[in-house]
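Chains as they are written, first to last, in this note's numbering: chain A, 7 to 204; chain B, 7 to 204.
A short worksheet on the structure shown next.
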């Protein structure tokens with residue numbers, strides 16, 4: 007069976023939602039990051055970059071990077087647009103998520119929720135960058151139901167994960183009403199759930 | 007004609023190499039970042055995220071994020087593997103480039119080459135992270151000619167861009183012989199060239 011090596015509260019959420027959304031049978035394997043299990047020789051064989059999540063397919067092949075995992079399982083489903091430009095724009099938002107959104111919003115949340123350092127000197131810059139990312143999303147969603155096309159795509163799953171958790175990082179989502187409506191829309195999808203803690 | 011809005015020395019290089027590689031007719035439009043042209047209202051219409059590069063197609067459509075641009079123009083060419091798992095692994099390396107490689111290696115180079123601050127307090131951490139990224143690449147390339155499959159793919163173009171410029175960031179590529187051989191292999195490709203300054 008497909009195995010998703012995960013940690014709750016990190017980038018594992020989007021692949022988890024996708025597997026639920028497409029109804030693929032899979033098994034969750036908890037990676038004990040607090041005890042550095044992701045730096046163990048066994049884990050580094052699965053993902054030499056030492057990041058969680060990673061997926062192991064039934065033949066033993068592995069695949070890392072949450073958004074590449076989304077792509078692999080999304081192929082052939084309605085979660086990837088048929089139109090060439092729309093498909094590339096979906097990837098545009100997935101790269102935006104990795105380069106612009108996650109390094110600000112998820113890192114701010116990590117510092118506040120996990121490290122519990124509300125006075126960390128990095129926070130003001132992370133908050134400013136995160137607000138800029140949310141503003142770009144808000145503008146885009148002002149007259150759209152989903153990021154690309156008229157239904158859920160991989161871009162929505164990738165961006166839902168850390169956006170709906172942004173309040174933990176100190177972001178007030180009330181300031182972004184179009185994002186709020188989009189989050190609610192995503193929540194009606196069968197795959198959009200939370201992860202088990204372990 | 008396709009227009010590539012670019013700045014020399016930044017993420018514009020990979021899309022530029024790709025357009026050269028596939029032989030598409032295109033025009034380069036210099037974005038004067040030093041004078042904040044990428045924050046002008048006209049540019050923000052092309053890319054609301056205010057990042058360079060962006061591509062404008064003949065019908066006026068735009069597409070941002072260097073790796074999404076690679077995907078768009080690479081579709082249907084040998085630069086995207088036919089095999090489903092290989093295709094996802096190509097994307098895995100492209101997300102690695104954006105999340106793990108660029109934020110360390112390109113930022114170190116920016117600080118040293120453009121800001122000319124060799125004593126910047128961020129450099130030790132950036133160098134350590136960049137070295138870890140290069141080590142992951144070195145291991146992967148030890149018994150492979152290219153990142154995925156047996157010929158050039160989008161992953162090679164994405165990673166070539168800042169890897170061959172890594173010495174400017176203070177990285178000694180002599181310590182990574184497999185990377186050195188891979189860079190030389192990439193350089194024999196017709197599209198692998200430098201960008202004009204303006």
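From the three backbone atoms N, C-alpha and C, an ideal C-beta is built for every residue, glycine too.
Treat the numbers as computed from the prediction; the structure is a model and nothing was measured.
Under 7 Å by beta carbon: chain C residues contacting residue 81/B: Among the protein chains in the structure shown, which are A and B, there is no chain C.
Quick one: is residue 78/A near chain B, going by C-beta distance under 8 Å? yes
To which residues of the same chain is residue 14/A closer than 6 Å at the C-beta, ignoring the five residues directly before and after it? 201 and 203
Measure from the C-beta of residue 109/B to each C-beta in chain A and report whether the shortest distance is under 8 Å. yes
Just to confirm my understanding: we take residue 95/B, look at its own chain, exclude 5 residues before and 5 after, and list those with CB closer than 6 Å. What are they? 154
Mark residue 22/A as exposed unless 16 or more other C-beta atoms lie within 10 angstroms of its C-beta, in which case mark it buried. buried
In whole angstroms, what is the alpha-carbon distance linking residue 125/A and residue 37/A? 29 Å
At a CB distance below 7 Å, what residues from the region 149-169 of chain B approach chain A? Give them in sequence order. none
DSSP on residue 32/B, reduced to helix/strand/coil? strand
According to the neighbour-count rule (16 or more other Cβ atoms, all chains shown, within 10 Å of its Cβ), is residue 157/A buried or exposed? exposed
Within the continuous beta strand (DSSP E) that includes residue 68/B, where are the two ends? 68-70
Is residue 145/A helix, strand or coil when you go by DSSP? helix
For a test of the three-state rule: what should DSSP assign to residue 11/B, helix, strand or coil? strand
If we define contact as Cβ-Cβ less than 8 Å, is residue 9/A a contact residue for chain B? no
Leaving out the 5 sequence neighbours to the left and right, which residues in its chain are closer than 6 Å to residue 45/B when beta-carbon positions are compared? 56
If you draw a straight line from the C-alpha of residue 191/A to the C-alpha of residue 129/B, how long is it? 43 Å
Run through the DSSP bridge pairs and tell me what residue 154/A is partnered with. DSSP output for residue 154/A lists no bridge partner at all.
Among the candidates 16/B, 106/B and 8/B, whose CA atom is the shortest distance from the CA of residue 26/B? 8/B
If we define contact as Cβ-Cβ less than 8 Å, is residue 18/A a contact residue for chain B? no
So does residue 69/A have its beta carbon nearer than 7 Å to some heavy atom of the ligand FAD? No copy of the ligand FAD occurs in the structure displayed, which carries no ligand at all.
Among 105/A, 151/A and 174/A, which residue has its Cα nearest to the Cα of residue 71/A? 105/A
From residue 176/A to residue 31/B, what does the alpha carbon distance come to, in whole angstroms? 47 Å
Flag this pair as touching only if the region 135-143 of chain A and the region 78-90 of chain A have three or more C-beta atom pairs under 8 Å; answer yes or no. no
What residues from chain B crowd round residue 193/A, counting only those whose CB sits closer than 7 Å? Residues of chain B passing the Cβ test: none, with the nearest at roughly 25 Å.
In chain order, what residues of the region 97-128 of chain B put their CB closer than 9 Å to some CB of chain A? 97, 98, 99, 100, 101, 102, 104, 105, 106, 108 and 109
Taking 8 Å as the threshold (beta carbon to beta carbon), is residue 39/A in contact with chain B? no
CB-CB under 7 Å to residue 20/A, same chain, minus the five flanking residues each way: which ones, in chain order? 72, 76, 163, 164 and 167
Does residue 137/A get closer than 8 Å to chain B when you measure Cβ to Cβ? no
Taking residue 132/A and residue 119/A to be in contact with their CB atoms under 8 Å, please state how far apart those CB atoms are, rounded to whole angstroms. Residue 132/A to residue 119/A, Cβ: 13 Å. No contact.
If you follow the alpha helix (DSSP H) that residue 98/B is part of, which residue opens it and which one closes it? 90-102
Give every residue of the same chain whose Cβ lies closer than 7 Å to the Cβ of residue 110/B, excluding the five residues on either side of it in the sequence, and list them in chain order. 132, 135, 136 and 139
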